[in-house]
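**Q** One line per chain: the protein sequences are A and B, in this order.
Per the numbering used here, the first sequence starts with residue 1, numbered consecutively.
Per the numbering used here, the second sequence starts with residue 470, numbered consecutively.
All C-beta atoms in this analysis are idealised placements derived from N, C-alpha and C, irrespective of residue type, glycine included.
One structure, pasted below without further comment.
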Amino acid sequence: MKFKNKLSAILASVVLMASACDSFLDVNENPNNPEDAPISGLMTNSTYETALNIFRGGSATSNYVQYLASPNPGSSSDIMDPSDFSGTWFSLYNVMTDLDVIIKKSEENGANHYKGAAQILMALNLGMTVDFFGDVPFSQSFNFETVTPAYDDDQELYRRVLELLDEGIANLQGQTSISMGNDDFIYQGNVANWIKFGNTLKARFLLHTKGTSAYSESELLAAVNAGFTSSNDDASVSFFEQRFNPWAQVAINNSNLLLGGWISEQFVEALDGTSYPTVDPRLPLMIGTTDEGEFVGTVNGAGRGNAPEQGARSTLIPGQFYTSTQSPILIATFAELKFIEAEAALQNDRARAYSAYLAGIEAHMDMLGVADAEKASYLADPSVSMGAANLTLADIMKEKWVALFLHPETWNDARRFDYSYKNMTLPENLNPDLNGQYIRRLAYPDSEVSRNGDNVPSVTLLDRIWWNQ
Amino acid sequence: MKNSYKSALLFLIGFLACISLYAQQTVSGIVTAKEDGAPLPGVSIVIQGTSTGVVSDIDGKYSISVPNTQAVLVFSFIGFETQRVPVGNRSTLDVSLATETSNLDEFIVTAFGISQEKKALGYAAQSINADEITKTRQPNVVNALQGQVAGVQVTNSGGAPGQSARIIIRGINSLDPSADNQPLFVVDGVPVDNSTIESNGTPRGMSNRIADINPNDIESMSVLKGAAATALYGVRAANGAVIITTKKGKSGQIRVDFNSSLGFDNLAKLPELQDQFGQGFSGVRNDSSFWPSWGANIAEENDPNYVYQDNWNRAFNTGMQFDNSLSVSGGNEVATFYGSFGRLDQEGIIPFSTWDRTSAKLSGTVKASEKFNFSGSFNYTNSGGNRVPHDRFLERMMYWSETTDVRDYINPDGTMKTYGNTNPIYDARFATYEDNVNRIIGNINLNYSPTEWLTFSYRLGMDNYSDSRTEITPGPMGIDGEVPLSSTGFLEETRINSRDITSNFYITLKKQWNSDWNTSLRLGNDVFERKFDRVTATGTNFVIPGFYNLNNTTQIFASQGKSIRRLVGFYGDLMVDYKNFLFLNITGRNDISSTLPKNNNSFFYPSVNLGYVFSENFDLPSWVTFGKLRASWAQVGKDTNPHILGATFVSPGVFPLNGQVGFSRNSTFGDPNLRPETTTSVEFGTQFAFFNNRASLDVTYYKSNAADQIIPVPISDATGFSSYITNAGEIENRGFEIVLGGTPIERGDFRWDVTANLTTNQNEIKAIREGIDQIVVGSQFGYAGSRVTMILKEGQAYGNIYGSSYIRPGAPEGTEELNRDLPVLIGANGFPVRTGNQLILGNAVPKFFGGLRNNFSYKGLEFSFLIDFRAGLEQYDQFGNFLSAFGKQKDSERRNDFVVFPGILADGSQNTKEVWLGQGVGPDGVNYGAGYWRNYYRTTSENFVKDASFIKLRNVTLAYNLQPNLLERTPFRTARISVAANNIILYTPWDGFDPESFSAGAGGNAVGFTGLGFPGVQSLFFTLNLGL
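In structure tokens:
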């Protein structure tokens, strides 16, 4: 029967459909994101994002250390209100996640240099996270055995940071199956510099522990000796035509009246001869002037008062050392290392401390391109070259504060130094919960409070992290 | 393999097309009302057991072809009793219908566009007709459902032109914060896309895609609520389905209908604002201050340059919409057609917000023979507009000085006129985001009945759209002293292409075994595919100012997102009818989805439902006209989104840099062992009609459990991922739906009809997967620790809002819920002490909602109103948080007062300390810093989580239909003029903008966060309908 034929044809086509199903439905492979990525691509992003993490940290803390001040009164960054740093937290862990992948992958294929560099960057990002927040998750991170990782003790984590640096240096000193190249945005594959960088970071983190029983001066000075030998070794990422330096962007925005990057009165007065006897020749190379060519800062927490948006206050301006579109973000510098050395040696080797102190100033001035004559005249001033016998921690801290402009490391210094920079005062409209004291840590981010709330330690902004007790 | 599938389909189509034609018999007649003998236009005449039918014309005349002399014609019309008349050998069949008040015997369009007698349904379903749809003049058909259907909650995401509206049936069924809990939309038997794709950056209030459908083309909408009603549509209808039937041509004279409507929108509600203090800080006037209203007392200042500008009333325009549509329809016994054009132009209340829609539709049916008929339709829509950054607009309004005219926003050279802050109107005008959607929806239906008991049906549907979006933020013009919107400028070109194809083949077997038993079996195969591709190119830093082309930017980044999802389903549906009072329906379906892991991607789910019309068996009191019981049990499976399994890597958009492409691990991890979700629902209902159908009552109890929910659980970034997609939990929804109808008065030409519906909903998170303590649905910013988060925890209800609060010493240890009745702890400084501990401050899911419609008619005059309400919910008022940060709320007029905060001190004694509310040093010599509102009020979430209930006059309409004696003197068949008003808030304790607007678009579940979204509007419409 004709009809039966038709019916069986239909049934046949239904069967055909069913058998075709398997391949018809096999379309779920991700067309947008690959399942694997090369370690070189991961290194590119990790070096780039680490530099941005330095910027993010600097951006979070520059008002606390009074490099910058808000043009608006009562701004939360000035008055040390609790702010939500979920974004910064994510960025820190995002880089650490990728570094963990690099470490595991390079272990499998013997790419020891990648592994070593990744360990150094891991130490840096983890150390920064601890310095901001204190106890943070790490030992239960990245292995995905729990979605609510426990918080590790901050002192324990410091041990891990130093271990990672030692392991990283050792791996970089060994053989590798694959060498780094232009995928490394920090050193373009220069392994010797990576080793110095590892040692410099070791010195930085050891210095944080100075007030604790874990501190070893000899270990620190050994790291200094193996660290940067000149500013040519500095760890930095230069920015791109395609992507401007983020501080440059702040300056460009401000020049277009999207306000930001206003300089604290504290910083201006430290360099313009008000707080200290000398006028610092670096000032015009770091920040802009008013329309009248003067340096006028903004009082933290007070806002700009009746001053207009432009022309009456010093701000970051485009095109200077820190604010050119392709300026580097400095991760660690020779200048910083010299000040670390100065502080470490101050107690037992004043001569070494003093010469390191002067070398630190000089390195920073050279970096900015201060004219030789101006540099010489500044260094000749008795308030600067007070001699080894008269050198104090305050002198070192002040010069380090200037040399690490916009760098988050300064907040660590400030907390260790109890914010006792000369003439530094609490911001106006200070957060009343701080009871007239300076902020000692960042609040845990909202994202952690809502996602991992049971593990988040209960702390106030006045609770100090382990090395700052 | 794919080809063989396609060729099989082609074969099928070809096969079905080659059927010979048969002759048929035509019956015609006139339908009149029994009461007065007047002809009845609009009566539906359907051949029993088929979906074939016609409608009587203005004179009550009809004409229909019937297959044979055994055919039975069913005459039905709202307000009249349905009659079934066997045709026999007659060619003329005049029928007079008796009035009834309830429409219990009404047919309802269910799955696959099959018209079913409501009486036979074992589950709750409700429909609304064309009249009720177009009465509110809503350009978006989703809004037309507002308050009209029990169990259906429609929420406007805001009042922007074309902005999405969200529809939820019987509560939120998914724990997935980003899950689209909305029902499947089906137009003429073919599912269509109703997704909302928000903009990448600041929210722009994009449309849900069903907005592309012209409501004037719709004949009726049925809402299928439970899983029972939707088992046949499979996974995509797990949240219910809205079945839209479009208008069809009717045999007889050619008809031309013209509708024109002009509407005006205004801000529905404004928060209470202070008007006493101007720009500045600490009570000091400063005309260039960032702070818009912490300055001096305006009256004391007494300066014409420092006066309150009433910006909030003046920043918004009167919105306008102009909607015109023209349709032509007609046909004969063999073929019918319907064609329409529609054009809607809309301007929103935020300046420069626009949306327009142009639509054209052509559909036709051909009855080639008694055995073979086919139909098809083609719908083209072009829609889009300029989507203003509404969230940012209100944020900038917030920052804008209350003593500077916001309307005076532009300098003669085109730069922004400002004292420093960005002017919201300038931003709305120049920071544009335009979308342009071209969409084609088409379908073809073929039905072949080789014998009386067997029908083969095939439907092929396509829904294809391209969405082309351009976002422009101008950079500096290079004019001295200008304040640009961006220092580099920004251009983003987005191209979205989406194509849905649905193929559905089914066989229907019908058998009348004897006079008692009647069965119908349907077996089918359903295939769905969605291909989606989105390409975005972003350029920044314009070389030539004002020339907006990617070639003119120095920094260009591109990204692409593609997806493909395929589903294959096989299903069966058996209906058994015993003596027309007992109805049993059993369904089963197996779906295979491309999105799940291969070993878990096939899943079967059954359903069974029973309807029992007991009034036909028992002797009930004479005032009970009709009584029925319903019960159903159903399961439905659900798959997930495509391409989410496993861990992947992404290349961040910033690369390449220096020729290097970086990679980073994707922060989302999809469980490789994902299983399909299963929702099991149980429903019991009863339906009564009383007093000869003058009153009716329908009560339904429902309970649904959605288990193995696939949820992207936000997890600690420290794990290496931020989001983990897994089978994470189970949610239960239960409640009652009550529909009450009646005709309290019917006397002569006067008639009053009432319909009321009420829905209750309770839900509970039954389980969350081990290892996950809680699921964060969403969170919204609040200043200085007042951020709120919607968190799901086992044993709690969906929608709890967590945030910071004032310390209440009497609260039991470990309590999670804030008890606002306890006294607040007051600190030594005299101010309340806050805690960052996250407590439940409220719940955002309404416990009750419903509507009440009243229709009055007298001759040609009609008056109707629809009231809807919701109650038992709280929302976070972000707007209030901002107001208190900027000193704009009414309450801040107290800023120079001293108060004693009620509460207790740490030692338990009552607080008696007097404090000043202002900023800086108070009259008492104490320095109060930034002041009470900034330091103690805005920092605490509990101040902003508030009751968001409302009662709204959703619609009130007054219409006049020209009477026949007048119409005779005009060329028109019908003429109607009406005036309608929408969305008039009658009552709400909420003191922000319209509490109905929420921040997330229609796609998201974080409904508890209102605030800076496009404020809701109220509207007034004038409409003219003419028929030729």
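In chain B, which residues lie less than 8 angstroms from A/Arg352 when you measure between Cβ atoms?
**A** Counting from one through the first sequence, the residue named residue 352 of chain A turns up at place 352. Chain B residues near A/Arg352: none, gap ~40 angstroms exceeds 8 angstroms.
**Q** With 9 angstroms as the limit, tell me which residues of the segment 1030-1041 of chain B have their beta carbon closer than that to any beta carbon of chain A; keep them in chain order.
**A** Result list: Gly1030, Lys1031, Ser1032, Ile1033, Arg1034, Arg1035, Leu1036, Val1037 and Phe1039.
**Q** When you compare the CB of B/Asn572 with every CB in chain A, is at least one pair closer than 8 angstroms?
**A** Locating residue 572 of chain B in the second sequence gives position 103, counting from the first residue. Confidence at B/Asn572 is low in this model, with a pLDDT of 40, below 50, so the placement of that residue is unreliable and no value is reported for it.
**Q** Can you find a C-beta in chain A that's less than 8 angstroms from the C-beta of B/Pro943?
**A** For the purposes of this step, residue 943 of chain B is taken as residue 474 along the second sequence, with counting starting at 1. Chain A, which has no Cβ nearer than 8 angstroms to the Cβ of B/Pro943, makes this no.
**Q** Verify the CB distance criterion: does B/Asn755 have a CB-CB separation below 8 angstroms to chain A?
**A** Your numbering for residue 755 of chain B matches position 286 in the second sequence. It does; some Cβ of chain A falls within 8 angstroms.
**Q** Pull the bridge partners of B/Asn855 from the DSSP assignment, please.
**A** Sequence index remark: in the second sequence, residue 855 of chain B carries index 386 (1-based). B/Glu903, per the DSSP bridge assignment.
**Q** Using a Cβ cut-off of 9 angstroms, pull out every chain B residue sitting near A/Trp89, in sequence order please.
**A** Counting from one through the first sequence, the residue named residue 89 of chain A turns up at place 89. Ordered by position in chain B, the residues that pass the 9 angstroms Cβ test against A/Trp89 are Asp1186 and Ala1187.
**Q** Between the alpha carbons of B/Lys530 and B/Pro508, how many angstroms are there, rounded?
**A** Taking the second sequence and counting its residues from 1, the one referred to as residue 530 of chain B is at position 61. Taking the second sequence and counting its residues from 1, the one referred to as residue 508 of chain B is at position 39. Near 8 angstroms, if we compare the C-alpha coordinates of B/Pro508 and B/Lys530.
**Q** Which whole runs of the beta strand (DSSP E) in the segment 1345-1410 of chain B are 3 residues long or more, in chain order?
**A** As far as the segment 1345-1410 of chain B is concerned, it has no whole beta strand (DSSP E) run of at least 3 residues.
**Q** Check whether the Cβ of B/His859 lies closer than 8 angstroms to any Cβ atom in chain A.
**A** Taking the first residue of the second sequence as position 1, residue 859 of chain B is located at position 390. B/His859 does not count as touching chain A.
**Q** Going by CA-CA distance only, name the one from B/Asp1222, B/Phe1205, B/Asn1202 and B/Asp1218 that's closest to B/Gly1211.
**A** For this step, residue 1211 of chain B is matched to residue 742 along the second sequence. The option with the nearest alpha carbon to B/Gly1211 is B/Asp1222.
**Q** By alpha-carbon positions, which one of B/Ala1197, B/Lys1172 and B/Trp824 ends up nearest to B/Arg1203?
**A** For the purposes of this step, residue 1203 of chain B is taken as the residue at position 734 of the second sequence. Checking every option, the nearest Cα to that of B/Arg1203 belongs to B/Lys1172.
**Q** Distance cutoff 8 angstroms, beta carbons only. Does A/Pro382 sit that close to anything in chain B?
**A** Translated into positions along the first sequence, residue 382 of chain A becomes position 382. Not closer than 8 angstroms to any Cβ of chain B, the Cβ of A/Pro382 fails to qualify, so no.
**Q** Suppose contacts are defined by Cβ-Cβ distances below 8 angstroms. Is B/Pro761 in contact with B/Ser870 by that definition?
**A** Taking the first residue of the second sequence as position 1, residue 761 of chain B is located at position 292. Taking the first residue of the second sequence as position 1, residue 870 of chain B is located at position 401. Yes, Cβ-Cβ distance for B/Pro761 and B/Ser870 is below 8 angstroms.
**Q** Starting from the N-terminal side, write out each stretch of the beta strand (DSSP E) that is 3 residues or longer and does not extend beyond the segment 322-380 of chain A.
**A** 328-332, all fully within the segment 322-380 of chain A.
**Q** At 3 residues or longer, and completely inside the segment 1071-1155 of chain B: list those beta strand (DSSP E) runs for me, N to C.
**A** Segments of the beta strand (DSSP E) lying fully in the segment 1071-1155 of chain B: 1071-1081, 1093-1107, 1115-1119 and 1133-1139.
**Q** Please state whether the Cβ-Cβ distance between A/Thr88 and B/Gly1189 is less than 8 angstroms.
**A** Translated into positions along the first sequence, residue 88 of chain A becomes position 88. Translated into positions along the second sequence, residue 1189 of chain B becomes position 720. Cβ distance not < 8 angstroms, so A/Thr88 and B/Gly1189 don't count as in contact.
**Q** Alpha carbon to alpha carbon, what distance is there between B/Arg898 and A/Asn125?
**A** The residue given as residue 125 of chain A occupies position 125 in the first sequence. The residue given as residue 898 of chain B occupies position 429 in the second sequence. If I take the Cα positions, the gap works out to 43 angstroms.
**Q** Would you say A/Gly293 and A/Ser314 are within 8 angstroms of each other, going by their C-beta atoms?
**A** Against the first sequence, residue 293 of chain A aligns to sequence position 293. Against the first sequence, residue 314 of chain A aligns to sequence position 314. No, these two residues do not count as a Cβ contact at 8 angstroms.
**Q** A/Ile54 lies in the alpha helix (DSSP H); which residues open and close that run?
**A** Residue 54 of chain A sits at position 54 when you count from the first residue of the first sequence. A/Ile54 -> alpha helix (DSSP H) spans Ile39 to Thr61.
**Q** Could you run through the segment 1126-1152 of chain B and flag, in chain order, every residue whose CB is less than 8 angstroms away from some CB of chain A?
**A** Result list: Leu1126, Asn1127, Gly1128, Gln1129, Val1130, Gly1131, Phe1132, Ser1133, Arg1134, Asn1135, Ser1136 and Phe1138.
**Q** When the Cβ atoms of the segment 977-989 of chain B are set against those of the segment 922-934 of chain B, are three or more pairs found closer than 8 angstroms?
**A** Counting Cβ pairs under 8 angstroms, three or more are found: they touch.
**Q** Could you give the residue range of the beta strand (DSSP E) that holds B/Gly808?
**A** Locating residue 808 of chain B in the second sequence gives position 339, where the first residue counts as 1. Segment Ala804 to Glu816, the beta strand (DSSP E) holding B/Gly808.
**Q** Under the three-state reduction of DSSP, which class applies to A/Asn306: helix, strand or coil?
**A** As a working note, residue 306 of chain A is residue 306 in the first sequence. Correct three-state label for A/Asn306: coil.
**Q** In three-state DSSP terms, what is B/Thr920?
**A** Numbered from its first residue, the second sequence carries residue 920 of chain B at position 451. Note: B/Thr920 maps to strand in three-state DSSP.
**Q** Tell me the DSSP bridge mates of B/Gly747?
**A** For the purposes of this step, residue 747 of chain B is taken as residue 278 along the second sequence, with counting starting at 1. Bridge partners of B/Gly747: none, in fact.
**Q** Does the count of Cβ pairs from the segment 238-245 of chain A and the segment 439-454 of chain A closer than 8 angstroms reach three?
**A** Not touching, per the Cβ criterion.
**Q** Mind checking B/Trp824: buried by the 16 CB within 10 Å criterion, or exposed?
**A** The residue given as residue 824 of chain B occupies position 355 in the second sequence. Buried is the call here.
**Q** Going by the DSSP bridge assignment, what does B/Gly1030 pair with across the sheet?
**A** Here residue 1030 of chain B refers to the residue found at position 561 when the second sequence is read from its first residue. Answer is B/Arg1003.
**Q** Taking the alpha-carbon of B/Glu1285 as reference, which of B/Ala1297, B/Pro1301, B/Pro1292 and B/Gln1265 has the nearest alpha-carbon?
**A** Here the question's residue 1285 of chain B lines up with position 816 in the second sequence. With distances taken between Cα atoms, B/Glu1285 lies closest to B/Gln1265.
**Q** Over what stretch of residues does the alpha helix (DSSP H) that includes B/Asn1324 continue unbroken?
**A** Along the second sequence, read from residue 1 onward, the residue named residue 1324 of chain B stands at position 855. Unbroken run through B/Asn1324 is the beta strand (DSSP E), Phe1317 to Tyr1327; no alpha helix (DSSP H).
**Q** Within a Cβ cutoff of 7 angstroms, which residues of the same chain sit near A/Ala302, ignoring the five residues on either side of it in sequence?
**A** For the purposes of this step, residue 302 of chain A is identified with residue 302 of the first sequence, where counting begins at 1. Contacts found: Pro73 and Glu428.
**Q** Between B/Ile482 and the rest of its own chain, which residues show a CB-CB distance below 6 angstroms, the 5 nearest in sequence each way excluded?
**A** To locate residue 482 of chain B, count along the second sequence from 1; it is residue 13. Note that B/Ile482 scores a pLDDT of 41, beneath 50, so its modelled location is shaky; the value from the coordinates is reported in the next line. Excluding sequence neighbours, B/Ile482 sits near nothing in its chain.
**Q** Considering only the alpha carbon of each residue, which of B/Leu954, B/Thr1426 and B/Glu962 lies closest to B/Tyr902?
**A** Against the second sequence, residue 902 of chain B aligns to sequence position 433. The residue with the shortest Cα to Cα distance from B/Tyr902 is B/Glu962.
**Q** Residues in the segment 1402-1430 of chain B with C-beta within 9 angstroms of chain A's C-beta atoms, listed in sequence order?
**A** Cβ contacts with chain A come from Arg1403, Asn1404, Tyr1405 and Thr1408.
**Q** Give every residue of the same chain whose Cβ lies closer than 7 angstroms to the Cβ of B/Arg783, excluding the five residues on either side of it in the sequence, and list them in chain order.
**A** If you number the second sequence from 1, residue 783 of chain B lands on position 314. Result list for B/Arg783: Val875 and Arg876, in chain order.
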